[in-house]
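Protein chains in written order, with UniProt numbering: chain A, 1 to 371; chain B, 1 to 371.
Here is the structure we will look at, set down as structure tokens.
2 protein chains.
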Amino acid sequence: MVNTFENAKERVTQTPSLVIDEHTVRQNLSRLQTYADSHKIAIRPHTKTHKSQQLARMQLESGCRGLTVAKVGEAAVMSEVCDDILIAYPAIDLSRRTRIAELARNHTMRVALDSLQGIDSLAESATAAGSCVGVLVDVNVGMNRTGVSTAQEALALATAVARYEGPLRLDGIFFYPGHIWEPAQEQQAPLQEVDERLGEVIELWRSAGLQASIVSGGSTPTAYQSHWVSSQTEIRPGTHILNDMNTVRAGFCDLRDCGAAIVCTIVSTAVSGKAVIDAGSKTLTNDRNVTQPDSGFGHCLEYPAARITRLSEEHGELDLSDCANPPALGERVTIIPNHICPCVNLQTQMQFQTLDGSLTAMEIDTRGMTS
Amino acid sequence: MVNTFENAKERVTQTPSLVIDEHTVRQNLSRLQTYADSHKIAIRPHTKTHKSQQLARMQLESGCRGLTVAKVGEAAVMSEVCDDILIAYPAIDLSRRTRIAELARNHTMRVALDSLQGIDSLAESATAAGSCVGVLVDVNVGMNRTGVSTAQEALALATAVARYEGPLRLDGIFFYPGHIWEPAQEQQAPLQEVDERLGEVIELWRSAGLQASIVSGGSTPTAYQSHWVSSQTEIRPGTHILNDMNTVRAGFCDLRDCGAAIVCTIVSTAVSGKAVIDAGSKTLTNDRNVTQPDSGFGHCLEYPAARITRLSEEHGELDLSDCANPPALGERVTIIPNHICPCVNLQTQMQFQTLDGSLTAMEIDTRGMTS
């Protein structure tokens, strides 16, 4: 296959280097926008994947409604390029809710919450800041991580938010179908189950006079099946802009749709049957592949038969048993990581390969913002 | 047990926060120094664990001979506090060897190499820079990651280095017994095997008129058994300064010897039987425990029965099945990570708890330096 990164591979001055390909990024964004437009679903991409104001701007220019972030530090940075931000995280502690309330003075801020305590304390912070924060009630649709599990609990939270009219604004419902990794053609049943759960909540709210103007869900694995959740008004995929071996091996995209790669150097071939790249867990993360956990810690474009079997912090070991022509010491190779989001978070810069093939350094503006 | 971080836990302004305890750090350093002094073995600690000039200075003040780094960016930063630095990495590519040769103009730089190509190209760079770089021949003693496997290969490399007298200097032998994680009392046999392999190399070098003035090995798991490798002149442990659940669960230290912890907030208790902390893989890494891989992604000091069973990037899920008194929403808890080195690398700052109990921000000077 053609290696999108062949040109950049020889041009980066040091390795490991994370390269982002503009052409692939634009294709990935436009393909999903076309699908979403045809189903009248908005996209509010999760910026945790790229952590870049520049890529966020490209998403907004391609038609996205707003942006999603996990942490408040990210919200502050992304509010410089977008006026409508959803914090997809139970930001209930004093530090987070104070900063959100302050940001809400000049921006539309929305927060997903799953507790009365969270609602009470956010109302307190917004009152103190003299601002209004939108709240989406987090409903657990099967991921079992956050979110209330029954329509009655969701109604209790919505009612509490509505009572705080002024500092808070009831925006709607938040859910995350992160447990759905079935192949696209098998997603209809689990997504219809999600649709039913949400339908119950919406119906109960309606009978209490409450409305969910936003129903926010979606993930990269379910992105192109979003129409199976009839009440959904917007989706929050993150990975789709860059893709990775998780989305490739699960069948959600092709290898050529991967817009991010790590250019590495083979730094040792001393141990028989092995080659060592200068990218370990400090570059690739120790994340195993979601659907094929034994496939190794990434995929080598030049030597697809070389499996990355073990990572130390700075060493990646390639098992060459199935490699007819093994790589040479000092050679550069291109790795597609299993999970691109935490991988971007580990770098200090990205190299952006523009449409004309030139490389420019791109900042990772929200790197390491965990609070 | 007493929680070393109890005081800091309430004083950090936001979570997750990495706290380093000075008292524990000083104890850990002094204990190993006493052992090493009694066996006349030097310590050249690996700074990848803490990535901090301030902690490196404490190590040098406690009696360490020099410092170890993995990458050249780290060498540049650490050369500001120490004049004798070993790059424990096959730095064979143009960018790395050029920078090493430049640093060697004003500092003692030593590099572990395992290939003739690496030796030839480093000599070329040192010649160009007008400097002299020390070389340690990397011998594989069972880790099977880098290093030559036979005494004959080690001799061939040593001979090549010796021929480059001027730009290169033959410093000795490098090895890494990273495969040895047996309990201390079972390490005698594997370490004696290492000793024999090294003995063969040293004997062959001697018969060829070559000397290994430095024999550099050691790891945190084997640190206190270093005397079983008779030819070893220095050890390079990293983790021992802070410790983590890897060293605790393997029996190399007690929980109270852990000098680093992540202070978190419980941000969700909506899903029955679970609590969610605001530290996921972007804070704790996805590293499993080395000797007890199913023990969870870290250890909660306040709720030892709460197992951290699943991490997303920003969520850590605690299974509360065995917890008589579960934590409350909004409560802060203290987590000892499985593997502290990559965990430090993910933070933007550390909070340093000094001997008087005050907290000061400490930079992570070599964070993210992968090249």
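For every residue, glycine included, the Cβ atom is placed at its ideal position computed from N, Cα and C.
Nothing here was measured: the structure is a model prediction, and the numbers come from that model.
Local Cβ density within 10 Å of B:D294, reported as buried at 16 or more and exposed below that: exposed
Backbone secondary structure at A:R332 - three-state DSSP: strand
Measuring only the C-alpha atoms, how far is B:S230 from B:E200? 12 Å
Per the contact definition of three or more C-beta pairs closer than 8 Å, is the segment 348 to 365 of chain B in contact with the segment 268 to 279 of chain B? no
According to the Cβ coordinates, are A:V77 and A:D365 closer than 7 Å? yes
Determine the extent of the beta strand (DSSP E) in which B:A112 is found, giving its start and end residues. T108 to L113
My guess is that B:A88 and B:F174 are in contact by the Cβ rule of under 8 Å, so how many angstroms apart are they, rounded? 7 Å
I want to verify the contact list: residues of chain A whose CB lies under 7 Å from the CB of B:G330, in sequence order. I92, D93 and Q117
Buried versus exposed call for A:D37 [16 or more other C-beta atoms within 10 Å across all chains shown]: exposed
Since A:Q347 meets chain B, which of its residues come closer than 9 Å, beta carbon to beta carbon? G368 and T370
Here's the rule: buried if 16 or more other CB atoms are within 10 angstroms of the residue's CB, otherwise exposed. What is B:D114? buried
Quick one: Cα of A:E203 to Cα of A:Q211, how far? 9 Å
Does A:Q225 pass the burial test, meaning 16 or more other C-beta atoms within 10 Å, or should it be called exposed? buried
Hey, B:R99 and B:V72: beta-carbon distance below 7 Å or not? yes
Residue span of the alpha helix (DSSP H) that contains B:G134, given as start and end: That residue, B:G134, is in no alpha helix (DSSP H); its beta strand (DSSP E) goes V133 to D138.
Compare the beta carbon distance of A:D287 and A:N325 with 7 Å and say whether it is the shorter of the two. no
In the structure shown, what three-state DSSP assignment does residue 403 of chain A receive? For chain A, the structure presents residues 1 to 371; residue 403 of chain A sits outside this window and is missing.
Where B:S216 falls: helix, strand or coil (DSSP): strand
Looking at C-alpha atoms only, which residue of B:P90, B:L116 and B:L94 is the closest neighbour of B:R110? B:P90
Identify the contact partners of B:V111 in chain A, using a Cβ-Cβ distance below 7 Å as the criterion. In chain order: nothing, as chain A lies at least about 12 Å away.
So with Cβ pairs under 7 Å, would you call residue 388 of chain B a contact of chain A? Examination of residue 388 of chain B is not possible in this model, given that chain B is present from 1 through 371 alone.
Out of A:D84, A:C264, A:Q53 and A:Q33, which one is the CA nearest neighbour of A:C300? A:C264
By the 10 Å Cβ neighbour count, where 16 or more other Cβ atoms means buried, how is B:S371 classified, buried or exposed? buried
Which residues mark the beginning and the end of the beta strand (DSSP E) in which A:S268 is found? A260 to S268
A:S38, DSSP secondary structure in three states: helix
Based on DSSP bridge pairs, tell me the residues matched to B:L359. B:Q353
Integer-rounded CB distance, given that B:S216 should sit under 8 Å from residue 407 of chain B: Any property of residue 407 of chain B remains undetermined from this structure, which presents chain B solely from 1 to 371.
Considering Cα atoms alone, identify which of B:A151, B:L136 and B:T360 is closest to B:V194. B:A151
Inter-stretch contact (C-beta, 8 Å, three-pair minimum) for the segment 11 to 28 of chain B and the segment 357 to 364 of chain B: yes
Measuring only the C-alpha atoms, how far is B:D120 from A:D83? 56 Å
Considering only residues of the same chain and omitting the five flanking positions on each side of B:A260, which have a CB-CB separation below 6 Å? I20, L242 and I340
Quick one: what's A:G142 bridged to in DSSP? According to DSSP, A:G142 bridges with nothing at all.
Restricting to Cα atoms, I'd like to know which of B:L284, B:Q292 and B:T291 is closest to B:E313. B:L284
For the beta strand (DSSP E) containing B:K274, list its first residue and its last residue. K274 to I277
Is any beta-carbon of chain A found at less than 7 Å from that of B:T220? no
Reference B:Q185; option with closest CA among B:L32, B:T222, B:H107 and B:V141: B:T222
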